[in-house]
Each structure stands twice: as structure tokens, then as C-alpha cells.
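Numbering (the working numbering), first residue to last: 1247 to 1404. This report concerns only the one structure given below.
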């Protein structure tokens, strides 16, 4: 399993729109990577226990790590609407040694799939994932189990 720090650092380094890596977007990118990994490999990329709260899949682990680790900065900024946001930035490149080639492929897929999406389209993508559509709010999301259910339902349709 990849270290969360390496996953965050990889996304921060590779994501082409650095000013879009708000706490919410970065956290949801990690969620999408875990979901993709659960579907394709039957295991999450990170050790996160995801919770479906008011704002979709969200946990504080990503932001807490970024705030406490000297390799990251959390910078105050503003949205295009003038609302405050905090952007997570990598101070300098780190080796991300816990990431396998397969992990990097999953992260690249998530980055490629989301980089052109403005916030509304991005959040619709996140909210359209099976764990969010199928589970009640305020529950933990067992992504591996939910990926198995999702694949079984998908096979029944075909």
C-alpha cells in the first residue's frame, strides 16, 4: 500500500493546474485514486478509511498531513468567485518511493481524467461514483467491497 504522503506529493507534482489543488479537490482526487484502485486491483491505493459526509467522500487525513509535513505548504487563496480556499502545494520534488508503477498509472489516470474539469463537473464525477450513489451519508465506505458489488452489477447488465 502506498504512503499517503507519496500519493499527495505525486498529485501535487503532476497535476497541471496547481492553483486548483484546494483541500477539497486534492482530497477527492485521492478518493478517486482509491476508488480506481479498488475497482482495478481489489485494494485501495492508500490506507484511508473513507467517510461519506455532507460533502461527499471526505476525511481530514490529507489536509492534516499537508499541514504537519514540512514538504508541503497550505496557502490561502481565493476562488474565481472571491471565496477563500486553501491550496496544498509541494515545496520541492520528493522521490515517492512507496509508489509502484501500477500506483503511478492509477494516479496518472485520475489526473488525466479530471484535469480539464472545472469544479462543478469535477464534483459531479465524484458524486456519481458507486460508493456515493449507493451508500447513506455518514457511513464509512468500504471501497473494496463496494467495487466488488459495482463490478457484479456491471456484469449483470452486460
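C-beta atoms are modelled at their ideal positions from N, C-alpha and C, and glycine is treated no differently. Because the structure is a prediction, the values reported are computed rather than measured.
| request: Count the other CB atoms, across all protein chains shown, that sit within 10 Å of the CB of residue 1284; report buried if there are 16 or more and exposed otherwise. | output: Sixteen is the threshold: when 16 or more other Cβ atoms of the shown chains lie within 10 Å of the Cβ of residue 1284, as they do, the residue is buried.
| message | Is residue 1330 a contact residue of the ligand NAD, with contact defined as CB to any heavy atom under 7 Å? | response | Among the ligands in the structure shown, none appear at all, so the ligand NAD cannot be discussed.
| Hey, residue 1354 and residue 1336: beta-carbon distance below 8 Å or not? | Not in contact: residue 1354 and residue 1336 (Cβ atoms no closer than 8 Å).
| message | Can you give me the C-alpha to C-alpha distance between residue 1314 and residue 1402, rounded to a whole angstrom? | response | Going from the Cα of residue 1314 to the Cα of residue 1402 covers about 46 Å.
| Looking at the unbroken beta strand (DSSP E) that takes in residue 1318, where does it start and where does it end? | Here the beta strand (DSSP E) through residue 1318 covers 1318–1324.
| request: Tell me whether the beta-carbon of residue 1293 lies closer than 8 Å to the beta-carbon of residue 1247. | output: Yes, these two residues count as a Cβ contact at 8 Å.
| request: Evaluate the contact criterion for the segment 1329–1348 versus the segment 1268–1285: three or more CB pairs, one atom per stretch, below 8 Å. | output: With a cut-off of 8 Å on Cβ pairs, the segment 1329–1348 is in contact with the segment 1268–1285, counting three or more such pairs.
| query | How would you write the range of the alpha helix (DSSP H) that residue 1352 sits in, first residue to last? | reply | According to the DSSP assignment, residue 1352 belongs to the alpha helix (DSSP H) that extends over 1347–1360.
| field | Extent of the continuous beta strand (DSSP E) to which residue 1298 belongs | value | In the DSSP assignment, residue 1298 falls within the beta strand (DSSP E) that extends over 1296–1299.
| query | Is it a yes or a no for the segment 1350–1366 touching the segment 1375–1389, going by three-plus beta-carbon pairs under 8 Å? | reply | No, because fewer than three Cβ pairs between the segment 1350–1366 and the segment 1375–1389 fall closer than 8 Å, the two stretches do not touch.
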